[in-house]
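In the numbering used here, the protein residues as written are 5 to 333.
Written as structure tokens, this is what we have:
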């Protein structure tokens, strides 16, 4: 198994992606190799002094990089040798089994969609974000920002994507699907959510109804679907809460050792623990990391990518979505 890692993506590239790659090879018990995609000289400079598993680490040259403010689709077309595009093409050509990047989310989505293509039955890809809960597991919310406007049928597709992902990677046999809404009653919401509710009831999935924003943290559903506009607002709010809770916890102990319960709370809220967000619906494994990801997040993103490939998630998605595609034909 080979995982392509965009070494030039993120606020602290290439230092953090390279360090995360080395940590992944040292700590993840799986048979895989990493392809570091980017400026070879810059990557080699970061590798100096980092020991271990160099035989499983390979450099793939890319002469361009995509900036966070570059127009996504235009950057894919105008920068064909960027680390993002090169990484996606490695997967398309069978030289890699997955791509991880902390670069421009828009460019990653655009490159993956244009180059890998969509799975039959998936109109649009969706970003899945794992949200911490007070339950023993996080909730996968999608879409977290790829699609600002959605049709009801697309929310049903997102539910199928999340269903397979949670089954394969989280080991939950019959994932509970929730619809993010302004009330728990079936008639609540706008045209999008009321029609999506009706379709989800008929989907054959384990649909548990509407979920209000205040109830997300309870963890009463395994998969939560919404359009990307709402999902991105929720995600950014979660990230802000986690950041401020960690800061308040540090201030509260004032230099003393943090107690175990407080450590556990901070651990659960830390996005780095979840690695990256899968881009579901494209014909390949793409993991999107936060731009400010530490090495630990990159390492955990590698873990997610490895598990996605090992579980044959894409084939399971293809099979599940085939029914949706044939139903529309």
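Where a beta carbon is used, it is the ideal one built from N, C-alpha and C, also for glycine.
In the DSSP secondary-structure assignment, residue 284 is bridged to 130. Contact annotation: residue 7 and residue 102 have beta-carbon atoms nearer than 8 Å. Going by beta carbons, residue 220 and residue 165 fall outside the 8 Å limit.
The alpha-carbon separation between residue 240 and residue 170 amounts to approximately 22 Å. 133 is the residue among 133, 163, 24, 160 whose C-alpha sits nearest the C-alpha of residue 149.
Considering only 296, 84, 53, the residue with the shortest C-alpha distance to residue 247 is 296.
In the DSSP annotation of this structure, the continuous segment of the beta strand (DSSP E) that includes residue 216 starts and ends at 210 to 216.
In this structure, DSSP gives residue 5 a state outside helix and strand, which the three-state scheme calls coil. Boundaries of the alpha helix (DSSP H) harbouring residue 94: 87 to 96, taken from the DSSP string. Three or more beta-carbon pairs drawn from the segment 222 to 240 and the segment 171 to 183 are found closer than 8 Å, and the two stretches are therefore classed as touching. When rounded, the separation of the alpha-carbon atoms in residue 298 and residue 20 is 6 Å. Membership of residue 42 in the beta strand (DSSP E) is indicated by the continuous run 37 to 42. Sorting 78, 155, 35 by C-alpha distance to the C-alpha of residue 232 places 155 at the top. Per the coordinates, the alpha-carbon of residue 327 lies some 43 Å from the alpha-carbon of residue 59. Our two residues, residue 118 and residue 252, have alpha carbons roughly 43 Å apart in a direct line.
Residue range 156 to 169 is occupied by the alpha helix (DSSP H) that includes residue 167, with no beta strand (DSSP E) assigned at that position. When 161, 142, 76 are compared, the shortest CA-CA separation from residue 127 is found for 161.
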